[in-house]
Each structure stands twice: as structure tokens, then as C-alpha cells.
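Residue numbers (my numbering): 1 to 296.
Here's the structure we're looking at; comments come further down.
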Amino acid sequence: MLAQDARRDLLIEGIAHHQGRFFVSAVAARTIFRVEEGKLTPFLQADPATGGVFGLAVDAPRGVLWAAEAWGAGLPGGAGDRRTGLLKVSLADGKILARYPAPPGEAKQFGDVVVDPAGAVYASDGGTGAIWRLAPGGPVEPRLELVSRPRGATSAQGMVLCPLDVMVVSDYATGLHRVDLAGGASRPLKVTGLKLAGLDGLVALSARDHLDVIATYNGALPYRLMRLRISADCDRLEAAETLLKGEPVGDVALVTAAPDGVAVVTGSQWAGWSANGVRNASDPGPATLALVKITR
């Protein structure tokens, strides 16, 4: 186990790692924690304007932790008009450096984030299936721009970057899609006899001749932690295996690469909330994170 917190009202979702430190986002608690000696301690500097925090991504060269943010009626603990966007957070002290709101009415709920080597930030919209991009900063203040609405996608989730300006994104309803980041064209990954709907978080580990991707699956019980082998051109899924299922990942959310494996949100507390963002009567258990060793 990496960390556990007995509070039942956090609803943790995203996780990121940088130089031995782990960061964890909380939707209902509207903050970002740091893991210290197995406990969740405050990291994000208090800001009443912050909404629910979802996926996280580290941009180490620029000293930034990027976070997907969403708030409003229908989200756990939320109220008022719906909004979403990106938070730029200092890795050094948790200060919010900038906010980048998505265009109202065009985006609904950013859920995950990934950063490319040049510093471009990509966000997936769990409410529409779209992919958005924030270009690296320059003389003009950057704004979020629409990259793609993959055909058939309705709830974009995890993303992994591929060579040749390509991305693989998981859509909760329709599975894995290949997206051309330059032009926005997309198509489903080629698969053979595998169920891909219900995948949530994705993270790519290093591999030479293919993409080695660890994925979380929470579309239907039993939930799973899976390993996917995707061709180097990100055109087809070559293999899939289940690493863990059932109780060890009983309320699984997102995942990040870690030394010797991955760190996973295994007890997110989503089970304690209804689909319309209202707390239900069930006990979601403690917020829990686990380290899983992966043989490479």
C-alpha cells in the first residue's frame, strides 16, 4: 500500500509522480494532496475558486503539475453552472500559477491530462469525447483549442502519446481510438475479440518496439488493472492481460508510472456517490493508493 486516508468524503481520482513524490487529486475535497509516510497531506494552496480536481500530469522540465478541473451541479459536491478547464500548479509549493478555462458550452468535464515533451498539454473531455490542447506558452497567452472529436466517442478518458504526433485515447463507451494530433482525424484501434469499453486511466511504460500500456478498467464488475500491448504505430491492440481484478482494485480510478511499476488509485470512493453527484448511503471505505510492481 502506498497511502490510505480514513476520511470518507475526499473522492480521490488522479495520481502523479515526480522525483519520489506522489500527488493525488480529490474531486469532492477540491484539492491536491501529497503522499507523506503513507498519509495524504495538503499540497495545493487553498483557493476557494478551485473546483473538483481530476487527472494530473507532471511537466518536470518546467516545474509544473497540470490538473484537470471541473465543477458545478451534477458533480460530487458541486453546485451552480458547470465549468471545466486546466490548472497550472507549481511543483515546488502547490501554488496555482494560472487557470485555463475551456470555452463555455463546448467542453463539459475534463477528466485526464497528458503533457508532451514540448510542453503542450492535452485534456480529455469525459462529457463529450473530445480532446483539447493547450499549446506551450509564448508571447501570447495560450488558450485551449479543440484537437479532435473521435467518431463515436462520447466520454474520453485516459490518453497515451505515440510517435509521429499521434495519440491513443480511451473512450468509456467505445474503447480505444487512434487520434492524429496534427489534423484531428481518428479511427478505432484494430482489435480482435477483445472488449475495450470501460477503460479509464492509461499510462505508457518504456518499451522499444511497441507501447506497453497499463490501464484501469471500471466499466463493470469486477474492476481490473490491465496491461495492453499496442503496436508502435498505435494502429492496433496486439495483446491484453489482466494483472489484478476484484477486491485489490475494488474502486479503481487512475494510474501513473512509478519506480519498478505503477501507482494506482485503488480505493477512489466513487462508490459513495450517485450518478447525479449526490452522496449515497453506502460506506465507500478509506481513500487508498497502492504500488504495483510491473515486470518489464
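Positions of the beta carbon are idealized from the N, C-alpha and C atoms, including for glycine.
Beta-bridge pairing of residue i - partner residues as DSSP gives them
i, result
"Glu-238", "DSSP lists no partner for Glu-238."
"Met-167", "Leu-161, Val-179"
"Val-213", "Ala-204, Leu-228"
"Glu-69", "Val-53, Gly-85"
"Val-24", "Ile-15, Phe-33"
"Tyr-122", "Val-114, Arg-133"
"Thr-41", "Arg-34"
"Leu-244", "Leu-225"
"Gly-250", "According to DSSP, which records beta bridges pairwise, Gly-250 is partnered with nothing at all."
"Val-265", "Leu-289"
"Ser-186", "Val-179"
"Ser-90", "Val-64"
"Trp-315", "No answer is possible for residue 315: it lies beyond the span of the chain, which begins at 1 and ends at 296."
"Val-58", "Leu-65"
"Ala-153", "Paired residue(s): none; Ala-153 is not in a bridge."
Whole-Å CB distance - residue i paired with residue j, under 8 angstroms assumed
i, j, result
"Val-169", "Ser-124", "6 angstroms"
"Val-69", "Gly-52", "Residue identity check: residue 69 is Glu in the sequence provided, not Val. Contact flag correct, Cβ pair sits at about 7 angstroms."
"Leu-11", "Pro-76", "5 angstroms"
"Val-292", "Thr-216", "Between Thr-216 and Val-292 the Cβ distance is about 11 angstroms, and since that is not below 8 angstroms, they are no contact."
"Phe-54", "Leu-86", "Between Leu-86 and Phe-54 the Cβ distance is about 10 angstroms, and since that is not below 8 angstroms, they are no contact."
"Ala-340", "Gln-269", "Look at the range of the chain in this structure, 1 to 296, and you will see that residue 340 is not part of it."
"Arg-227", "Ile-214", "6 angstroms"
"Ile-96", "Asp-47", "6 angstroms"
"Trp-71", "Arg-83", "6 angstroms"
Residue-chain proximity (residue i, chain D), Cβ-Cβ < 9 angstroms
i, result
"Gly-183", "This model lacks chain D altogether; it includes just one protein chain."
C-beta atoms of residue i and residue j nearer than 9 angstroms
i, j, result
"Gly-14", "Asp-171", "no"
"Leu-146", "Leu-134", "no"
"Ala-207", "Val-115", "no"
"Ala-29", "Phe-23", "no"
"Asp-200", "Gly-175", "no"
"Ser-155", "Gly-127", "yes"
"Asp-251", "Gly-267", "yes"
"Asp-160", "Leu-202", "Reading off the sequence, residue 160 comes out as Val, not Asp. Their beta carbons are under 9 angstroms apart, which means Val-160 touches Leu-202 by this criterion."
Segment limits, beta strand (DSSP E) that includes residue i
i, result
"Leu-196", "Careful: Leu-196 lies outside any beta strand (DSSP E) and carries neither H nor E."
"Pro-101", "96 to 101"
"Leu-144", "144 to 148"
"Asp-5", "3 to 5"
"Val-255", "255 to 258"
Any contact of the stretch 227 to 245 with the stretch 189 to 202, i.e. 3+ C-beta pairs under 8 angstroms? Taking 8 angstroms as the limit for Cβ pairs, the verdict is that the stretch 189 to 202 does touch the stretch 227 to 245.
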